[in-house]
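Following: one structure in structure tokens, then a few remarks.
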Amino acid sequence: MPADRAVRDPGEWVLLSYRLPREPSTPRIAVWRKLKRLGVAQLSDGLVALPADARTREQLEWIADEAIEAGGTASIWLARPATLTQERELATGMADARAAEYQSIIDQASAQAAADGANSVTAVRRLRAELRRIGRRDFFPPPERDRAHAAVRALAVEPTACPGPETDDADDVAPETTQQQEDKA
């Protein structure tokens, strides 16, 4: 019975309650940007939440320390939503925010593919880095996540499937194969 109860009960969340002085604005903006990078759920002004685990708790503790050092106040709380509906609303809001970010990656990959592969290696690197950044704050993966990864993978293989006008398939393959053989020897 305890196992069934654990499945039905809302999970634990770590909350950061904070207040920063209006001036100077730099610390307030820095805290806001860090919270955004973490992908927090904004419950109200100065109150944010993340699913509780050691990593998210530590990250919010660091931000709380930063807020206090800037002359503000901050406290960390561990809590459970009163109902599963409330937790689902939090999770849905966070998933929707990540879905929009993944959709942006899909759109950028499509635009890059339509640009005939110009600078596609650089674009693939940039999009992969952005996927990693989004993944670190993606606690409730939306369907767009898989589509974004697929779009970047497709873009990554596209240049080899369709070489640009300056390259010749035979010239590109032979030196790489020879180099790889020399590295193995």
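With positions in the sequence shown counted from 1, the corresponding number in this note's numbering is that position plus 899. Every residue, glycine too, gets a C-beta built ideally from N, C-alpha and C.
Give the straight-line distance between the Cα atoms of residue i and residue j, rounded to the nearest whole angstrom.
{"i": "V906", "j": "A969", "result": "Residue confidence is low: V906 scores 45 on pLDDT, short of 50, so the model does not pin down where it sits. Its coordinate-derived value is still stated next. Taking the straight line from one Cα to the other gives about 40 Å."}
{"i": "L949", "j": "R1046", "result": "25 Å"}
{"i": "S924", "j": "W931", "result": "11 Å"}
{"i": "A951", "j": "A1014", "result": "43 Å"}
{"i": "D1070", "j": "S1019", "result": "With a pLDDT of 35 at D1070, under the threshold of 50, the predicted position of this residue should be treated as unreliable, though the coordinate-derived value follows. Taking the straight line from one Cα to the other gives about 20 Å."}
{"i": "V1051", "j": "L959", "result": "31 Å"}
{"i": "T984", "j": "V1056", "result": "42 Å"}
{"i": "S974", "j": "A963", "result": "6 Å"}
{"i": "C1061", "j": "A1012", "result": "Caution is warranted here: a pLDDT of 39 is assigned to C1061, below 50, making its placement in the model unreliable, and the coordinate value is therefore given only provisionally. Their backbone Cα atoms lie some 11 Å apart in a straight line."}
Take residue i as the anchor and find which of the options has the nearest alpha-carbon.
{"i": "R987", "options": "S943, R1032 and F1038", "result": "F1038"}
{"i": "A978", "options": "D995, I1004 and L942", "result": "L942"}
{"i": "R997", "options": "A963, A1022, Q958 and P1040", "result": "P1040"}
{"i": "S916", "options": "A940, E922, Y1001 and L1054", "result": "A940"}
{"i": "L934", "options": "R921, P920, E922 and E957", "result": "E957"}
{"i": "R1025", "options": "L1054, A994, W961 and E1043", "result": "L1054"}
{"i": "I1005", "options": "L914, S974 and H1048", "result": "H1048"}
{"i": "T972", "options": "R936, P920, G1034 and R1031", "result": "P920"}
Within the continuous alpha helix (DSSP H) that includes residue i, where are the two ends?
{"i": "A1022", "result": "S1019 to R1035"}
Inset, instruction - Can you check the region 908-992 for any alpha helix (DSSP H) of at least 4 residues that lies completely inside it and give the ranges in chain order? - result: 924-937 and 953-968
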